[in-house]
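Residue numbers (the working numbering): 4 to 292.
Below is one structure, written out as structure tokens; comments come after it.
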């Protein structure tokens with residue numbers, strides 16, 4: 004997972020774990036929303052998500068991250084836990100992976116952790132860190148990598164992590180519907196007759212002039228109507244050329260919404276014996292160097 008695009012994709016796709024819960028999880032709204040979602044257009048689904056996600060304060064779930072390479076007939080599966088919290092204009096995110104399974108091999112212990120935090124929390128004798136940073140801890144190689152995600156903003160108006168993620172991949176529920184429609188062809192996918200109708204699938208096809216055209220072909224989000232929570236997200240990349248585009252898939256399990264998360268979860272602790280951090284700041288045009 005050392006490629007920066009892959010590392011960031013883990014977070015970018017994972018943000019949607021916190022976006023779709025509002026479809027029906029609020030008391031007294033679930034039955035009505037289940038009935039209306041069967042016939043309502045995509046615009047109505049998205050607008051409701053935009054309205055309700057503002058109430059999100061925390062999210063925790065088991066996740067399974069699968070990376071498929073059709074051309075090489077290869078795939079890997081990492082399992083772990085996602086944590087997200089937001090309050091008073093600030094937010095934090097962490098993913099702790101515990102195991103990895105490659106192709107038909109037996110699942111093995113494989114610890115890799117990713118944390119998004121303010122640069123002020125990072126220390127280095129020869130450098131000051133400003134803005135938002137992504138930290139990657141690889142326990143197998145005992146390496147630490149810092150990737151700058153954003154320059155510092157006005158301290159009175161800090162950027163939310165969802166807004167930051169949306170610069171790379173749209174966030175259902177956080178990206179305005181009109182902005183999504185500018186970049187994608189959006190449709191609610193009718194499920195096959197022999198499958199459960201408790202799942203709503205939203206399909207986003209990248210338009211030829213979209214800002215995402217160089218990275219993605221399409222994205223799909225599955226929403227569990229009964230729970231009002233996302234079940235899965237899949238993104239198909241442009242490389243290699245279709246139909247062999249690599250596929251990133253996130254599945255969300257046992258979610259806990261607005262239950263609160265201990266602040267200690269988001270603290271950065273570099274174990275003894277790890278290498279000096281490899282630092283990748285943003286270039287002047289706002290991209291990774």
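Note that the Cβ used here is the ideal one computed from N, Cα and C, for glycine as well.
None of these values were measured; they are calculated from a predicted model.
Counting pairs of Cβ atoms below 8 Å between the segment 93-102 and the segment 64-81, do you hit three or more?
-> yes
Under the three-state DSSP convention, the category residue 258 falls into = strand
Is the segment 251-262 in contact with the segment 270-287, if contact means three or more CB pairs nearer than 8 Å?
-> no
Neighbourhood of residue 31 by C-beta, 7 Å cutoff - its chain only, sequence neighbours within 5 removed | Residue placement at residue 31 is flagged as unreliable, the pLDDT there being 34, under the threshold of 50; the coordinate-derived value follows with that caveat. Cβ within range, chain order: n/a, list empty.
Just curious, the beta strand (DSSP E) that residue 281 is in, first and last residue?
-> 281-283
Which residues in the same chain have their Cβ closer than 6 Å to the Cβ of residue 261, if we skip the five residues on either side of it in sequence?
-> 60 and 61
6 Å Cβ shell around residue 146 - same chain, five flanking residues per side excluded | 278
Give me whichever residues DSSP pairs with residue 102 in a beta bridge.
-> For residue 102, which the question treats as bridged, DSSP gives the partners 82 and 112.
Take the Cβ of residue 234 as the centre, count every other Cβ of all protein chains shown within 10 Å, and call the residue buried at 16 or more, exposed below.
-> It is buried - the Cβ of residue 234 has at least 16 other Cβ atoms within 10 Å.
Thinking C-beta only, is residue 137 closer than 8 Å to residue 152?
-> yes
Span of the beta strand (DSSP E), counted from its first residue to its last, around residue 72 = 61-72
Out of curiosity, what's the CA-to-CA distance linking residue 184 and residue 154?
-> Answer to the nearest angstrom: the Cα atoms are 28 Å apart.
Expressed to the nearest angstrom, what Euclidean distance is found between the alpha-carbon atoms of residue 45 and residue 58?
-> Using only the alpha carbons, I get a separation of about 21 Å.
Close beta carbons around residue 72, own chain, < 6 Å, minus the five adjacent residues each side | 249.
Per-residue DSSP class, three states only, for residue 186 | helix
By DSSP, does residue 208 sit in helix, in strand, or in coil?
-> strand
Integer Cβ distance of residue 239 from residue 221, believed to fall under 8 Å = 5 Å
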